[in-house]
Structures are given as C-alpha cells and as structure tokens.
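Written out below as structure tokens is the structure these notes cover.
In structure tokens:
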C-alpha cells in the first residue's frame with residue numbers, strides 16, 4: 182500500500198504566461214505558493230479475487246477490466262504513460278473540492294504519478310514528477326492547461342516558477358524573514374465563491390486569444406518580479422495588495438469567461454469592506470477567491486460576505502510526499518498477482534473457511 186499527499190496551490194502573479202503558446206515565444210513566470218490543503222491518493226495492487234481488474238474511487242467508483250474502460254482522464258492517462266496494465270485499487274480524497282482554481286487536477290496527476298512510481302520502487306525527482314505531469318495532461322490527454330500547477334504541486338513552497346522558450350522550467354524558492362512571511366500570510370483570506378468550473382474549458386478561450394492580449398500578458402509577467410521585490414524588501418506589504426488588484430483588472434480583460442456579474446459583486450463588496458486587492462484563483466469563472474487586506478479589516482470583510490465560506494490556510498513547503506509505504510503488502514500482492522486463477526480461488530476459499 183502506498184499513500185501520497187500532494188498540496189494545492191494559490192497563484193499571485195504571472196498566471197497565463199505559463200501556457201506553452203505564450204512562453205515558447207516570450208518566456209513566462211509565476212509567483213505562487215502551495216498551502217496546507219492536500220490531495221491524498223492511496224494505491225495498491227488488487228488481488229485477483231474480484232470480477233473487476235481495477236477499482237478507482239473518487240467522487241464516484243469505477244470498476245473496470247482494462248485501462249481503456251477508465252473514465253477518469255488523469256488515471257487513464259497516467260496508467261498509459263507509465264505502461265501499467267496490472268490490476269490496481271486507487272483511492273482519492275481531497276481537502277477541498279475540485280474545479281475551484283487551486284490546481285487540484287494537477288495535484289491529482291502529480292500525486293498519482295508519485296504513488297505509482299513508488300509502487301514500482303522508483304523515486305523520481307520533483308522536477309521529473311512535474312515534467313511527467315505536464316506531459317500527461319498536455320500531450321497524452323490533450324488538455325488546455327498551463328505548467329504552473331504541476332510545478333507547484335511537485336515542489337511546494339512559496340516560489341517563482343520560470344518557463345523558458347526552449348521548454349526548460351526553473352524553480353526558485355522565495356526567501357523571506359520569518360516575521361515578514363508570517364505578516365504576509367496574515368494579510369490573506371480565502372473564500373469559496375460557490376461556483377465550480379472546468380479550468381481547461383475556460384483556458385481554451387484564453388489560449389485562443391493570446392496573440393491579441395500581448396500587452397496584458399507582458400505586464401502580468403513583469404508583476405512577478407515586482408511582487409518578489411515587495412515580499413523580500415522592507416516596504417509596506419499593502420503594495421502587494423494594490424498590485425493584486427491591478428493584476429485582477431488585467432486578467433479580467435483576457436477573456437469573457439474570466440469573471441461573472443456575481444463574482445464581480447463579491448469582489449466589489451470585499452473592496453468596499455477594506456480589501457486592498459484580490460483575484461479569482463486559477464483560470465477564472467468561479468472557484469476560490471483570494472483577498473489581500475490588513476488583518477484589522479478581515480472581520481469587516483467577513484461581515485460583507487455572509488454567504489461565502491472562508492477557508493483558513495497556511496503556507497506549506499514540502500510539495501508532494503509519500504506518507505505511507507508498506508513493503509510487505511507489496512510483496513504479498515506480487516504473489517497474488519502472479520497466482521493462477523485456480524490457486525487464487527483455493528486461497529480465497531481457504532481464507533473464507535478460516536474466517537468462518
């Protein structure tokens with residue numbers, strides 16, 4: 182049995198420049214962090230005692246006899262990429278709902294890759310996990326997604342992720358004094374808008390309009406360095422909030438699907454209650470909204486958003502991890518997987534008789 186834990190992320194600046202259609206020509210960068218909200222994936226080889234070959238449990242349960250029958254795209258894509266055909270049991274749990282702008286889809290892909298590599302006694306680097314997840318999502322599945330979510334999920338931490346025209350990816354941790362980091366975190370609030378969406382559908386329009394939004398994307402790219410300068414400097418952190426507001430105004434212009442009237446109302450109410458800035462996380466269209474405000478104004482903002490659920494969080498810096506690894510079970514499953522159907526039947530009967 183293998184269990185992985187992979188964090189979700191929140192992005193501050195540079196979103197949109199992590200799509201290959203942009204960074205292959207202009208280069209890209211993102212300032213983001215992972216948080217202490219996670220995707221958990223457990224996996225084991227499934228003994229040959231069942232009518233199905235593979236069992237996958239997430240918001241629904243799939244019982245299949247070959248990988249082509251699997252409806253969950255990431256599971257199907259990862260198994261195809263790793264060329265795994267033996268029977269498996271895969272179980273997913275998440276701290277927060279999917280399709281809400283926290284990179285949960287990529288956290289799932291990275292976590293599943295990490296788990297299945299461990300099942301094969303392979304220990305990939307975090308960079309290898311990120312690149313593999315990008316390949317699965319963009320090339321194997323053909324999804325309209327960027328590259329920041331996979332990098333953040335794999336590496337973890339407050340960082341700058343850089344995307345070079347030749348396809349290389351850089352990862353640079355942002356080092357802050359502990360007191361300033363704590364102060365920065367204390368300015369942030371996370372609210373669930375109540376709307377979910379499929380990120381790749383929202384992103385597809387943004388990708389199609391990239392060549393018409395070069396000015397906006399260039400400005401958003403420059404904000405990454407400006408944001409880092411604020412965090413690592415000595416000035417007022419309120420400048421970070423003001424720049425978040427500016428970036429959100431720019432992002433809203435990228436496509437018609439970034440925001441909605443209901444989301445605009447939420448953001449306006451938060452601003453009127455004291456928020457210095459904020460943004461919808463992820464591709465847009467719904468999900469979680471991040472707000473930046475002085476701590477003294479947080480209660481007033483909560484009062485102004487009575488219908489929204491606030492989610493407390495902290496930064497985390499570990500990225501994806503294997504949190505449970507039971508070798509003996511793996512060895513036993515190997516024996517079972519190699520057993521003939523007749524032997525498996527006798528074992529099953531013996532176990533049932535013993536239990537009786």
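In the working numbering, the protein residues as written are 182 to 537. All C-beta atoms in this analysis are idealised placements derived from N, C-alpha and C, irrespective of residue type, glycine included.
Checklist entry - To the nearest angstrom, how far is it from the Cα of residue 292 to the Cα of residue 314? => result If you take the alpha carbons of residue 292 and residue 314, they lie about 9 Å apart.
Item to check | residue 511 in three-state terms, based on DSSP | outcome: Here residue 511 scores only 46 on pLDDT, less than 50, and its place in the model should not be relied on; the value that follows carries that caveat. Helix.
Checklist entry - Which residue's Cα is closest to the Cα of residue 463: 184, 233, 306, 200? => result 200
Next on the checklist: Suppose you measure from the CA of residue 269 to the CA of residue 221; what does that come to, to the nearest Å?
Outcome noted: Rounded to whole angstroms, residue 269 to residue 221 spans 16 Å at the Cα level.
Checklist entry - Where residue 295 and residue 306 are concerned, what is the direct C-alpha to C-alpha distance, given to the nearest angstrom? => result 10 Å
Checklist entry - Considering only the beta carbon of each residue, do residue 255 and residue 290 sit closer than 7 Å? => result yes
Next on the checklist: Suppose you measure from the CA of residue 171 to the CA of residue 243; what does that come to, to the nearest Å?
Outcome noted: Lying outside 182 to 537, the shown extent of the chain, residue 171 is not represented and no answer is given.
Next on the checklist: Rounded to the nearest angstrom, what separates residue 438 and residue 188 at their Cα positions?
Outcome noted: Straight through space, the alpha carbons of residue 188 and residue 438 are spaced by roughly 26 Å.
Item to check | Helix, strand or coil at residue 497 [DSSP, three-state] | outcome: If DSSP states are grouped into helix, strand and coil, residue 497 belongs with the strands.
Item to check | For residue 233, the three-state DSSP class (helix, strand or coil) | outcome: coil
Checklist entry - Where does residue 452 sit, in a helix, a strand or coil, going by DSSP? => result DSSP places residue 452 in helix when its eight states are reduced to three.
Item to check | Range of the contiguous beta strand (DSSP E) that encloses residue 213 | outcome: 209-226
Checklist entry - From this set, 423, 328, 341, 435, which residue's C-alpha is nearest residue 288's C-alpha? => result 328
Checklist entry - Can you tell me whether residue 504 is buried or exposed, with buried defined as 16 or more other CB within 10 angstroms of its CB? => result The residue is exposed, with fewer than 16 neighbouring Cβ atoms inside 10 Å.
Next on the checklist: Which residue wins for smallest C-alpha separation from residue 455, given the options 440, 446, 482?
Outcome noted: 482
Checklist entry - So, helix, strand or coil for residue 281, using DSSP? => result coil
Item to check | Three-pair Cβ contact test at 8 Å for the region 319-328 versus the region 195-210 | outcome: yes
Item to check | Proximity of residue 498 and residue 338 at Cβ, strictly below 7 Å | outcome: yes
Next on the checklist: Is the separation between the beta-carbon of residue 576 and that of residue 458 shorter than 7 Å?
Outcome noted: Residue numbering for the chain in the displayed model covers 182 to 537; residue 576 lies beyond these limits and cannot be assessed.
Item to check | Cβ neighbour criterion (16 or more within 10 Å) applied to residue 460 | outcome: Counting every other CB atom within 10 Å of its CB across the protein chains shown gives residue 460 a total of 16 or more, marking it as buried.
Checklist entry - What is the DSSP secondary structure of residue 415, reduced to helix, strand or coil? => result coil
Next on the checklist: Please classify residue 192 as buried or exposed, where buried requires at least 16 neighbouring CB atoms within 10 angstroms.
Outcome noted: buried
Item to check | Selected residue, minimal CA-CA separation from residue 282, among 451, 303, 371 | outcome: 371
Next on the checklist: Please tell me whether residue 488 and residue 344 are closer than 7 Å, where the distance is taken between their beta carbons.
Outcome noted: Judged by their CB atoms, residue 488 and residue 344 are not nearer to each other than the 7 Å cut-off.
Checklist entry - Does DSSP put residue 476 in a helix, a strand or coil? => result helix
Checklist entry - Closest by CA to residue 223, which one among 247, 271, 205, 211? => result 271
Checklist entry - Does DSSP classify residue 405 as helix, strand or coil? => result Helix, per DSSP.
Checklist entry - Which of helix, strand or coil does DSSP assign to residue 186? => result strand
Item to check | Sequence-distant residues of its chain with Cβ nearer than 7 Å to residue 261 (five each side left out) | outcome: 248, 321
Next on the checklist: Less than 7 Å between the beta carbons of residue 335 and residue 311, yes or no?
Outcome noted: yes
Checklist entry - What is the DSSP secondary structure of residue 174, reduced to helix, strand or coil? => result Nothing can be reported for residue 174, as the shown portion of the chain is limited to 182 through 537.
Item to check | Start and end residues, alpha helix (DSSP H) containing residue 262 | outcome: According to the DSSP assignment, residue 262 belongs to the alpha helix (DSSP H) that extends over 254-263.
Next on the checklist: Closest to residue 433 by C-alpha separation, out of 421, 476, 422, 448, would be which residue?
Outcome noted: Of 421, 476, 422, 448, the residue nearest in Cα terms is 448.
Next on the checklist: How far does the alpha helix (DSSP H) with residue 199 in it extend, from its first residue to its last?
Outcome noted: Premise fails: residue 199 is in no alpha helix (DSSP H) and is neither H nor E.
Checklist entry - Could you give the distance in angstroms between the alpha-carbon of residue 331 and the alpha-carbon of residue 253? => result 18 Å
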